[in-house]
Amino acid sequence: MGQLFSRLIRSVFGGKEVRALILGLDNAGKTTILYKMLDPGSQLEHTPTVGFNLETLQVGGLKLQCWDLGGQESIRPFWRSYFFHQEAVLFVVDSADTERMEVARQELHSILQEPELENAVVLVLANKQDREGARSVADVSDHLRLSGLQRTWTVMGTSALKGEGLREAFAWLAQQLK
Ligand SMILES: Nc1nc2c(ncn2[C@@H]2O[C@H](COP(=O)(O)OP(=O)(O)OP(=O)(O)O)[C@@H](O)[C@H]2O)c(=O)[nH]1
Ligand SMILES: [Mg+2]
1433 MGQLFSRLIR SVFGGKEVRA LILGLDNAGK TTILYKMLDP GSQLEHTPTV GFNLETLQVG
1493 GLKLQCWDLG GQESIRPFWR SYFFHQEAVL FVVDSADTER MEVARQELHS ILQEPELENA
1553 VVLVLANKQD REGARSVADV SDHLRLSGLQ RTWTVMGTSA LKGEGLREAF AWLAQQLK
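If you want it as structure tokens, here you go:
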């Protein structure tokens, strides 16, 4: 009866609500991804995020409540204040930022050790695939040492600037979170 009722509520009000964090180093493209998903026609140039942006996306029958946090080094220690009740982590990487790939790896693996996120689904976005010198998805995956992860995860290539790969990536996420 309870399940039936919640199914009815979902069908009327538009789906289960799930919380997801968007993390990654500064300049990776997190905010651009979020607003491109909200409005594919968006050409907005975003200033670095100080604090967070919170938006709800409708994807694959889910209401995905996205918490896009600022990625600057001085802000990263505050990320953990937002870990509570998050069911997914989108970790965004600038695929052409080879110099900071190691820093990105460290930040990602430190997040993955957080008990509050132990059940979170992980979607790594190898963003800025349009940039010259961008590492391939396989290369980003190698550098971030993703292959041994003991949880539901994937890595996908995107270009937030061109709006490429985003729908597919969020569809994968919705599929895992249903
Ligand atoms: N070439 C290219 N540029 C991108 C892409 N995605 C984002 N950018 C650019 O990268 C810069 C940073 O984008 P943001 O979305 O603000 O990055 P962020 O990860 O939110 O950065 P913080 O808020 O500082 O953590 C902007 O100039 C974007 O236009 C992409 O796929 N390709
Ligand atoms: Mg931002």
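Just so we're aligned, residue 1433 is where the sequence shown starts under my numbering, counting upward by one. Here a beta-carbon is modelled for each residue, glycine too, at the ideal position from N, C-alpha and C.
Check                                                                                                                                                           : Outcome
With the cut-off set at 8 Å, would you say G1456 and V1535 are in Cβ contact?                                                                                   : no
Determine whether the beta carbon atoms of S1527 and V1572 lie at a separation below 8 Å.                                                                       : yes
Going by CA-CA distance only, name the one from C1498, L1578, D1458 that's closest to V1450.                                                                    : C1498
For the structure I just gave you, are there three or more beta carbon pairs, one from the region 1476-1490 and one from the region 1499-1512, closer than 8 Å? : yes
Look up D1500 in the DSSP assignment and give the residues it is bridged to.                                                                                    : I1454, N1485
Nearest CA to the CA of L1486: which residue from A1452, G1492, E1477, R1583?                                                                                   : A1452
Does the beta-carbon of L1476 have 16 or more other beta-carbons within 10 angstroms, so that it is buried, or is it exposed?                                   : exposed
Is A1603 closer than 8 Å to G1492 when the C-beta atoms are compared?                                                                                           : yes
Which of the three DSSP states, helix, strand or coil, is assigned to F1516?                                                                                    : coil
Any heavy atom of ligand 2 closer than 7 Å to the Cβ of G1502?                                                                                                  : yes
Return the bridge partner residues of E1449 from the DSSP annotation.                                                                                           : K1495
Look at the Cβ atom of R1532, then the Cβ atom of H1575, and state whether they are nearer than 8 Å.                                                            : no
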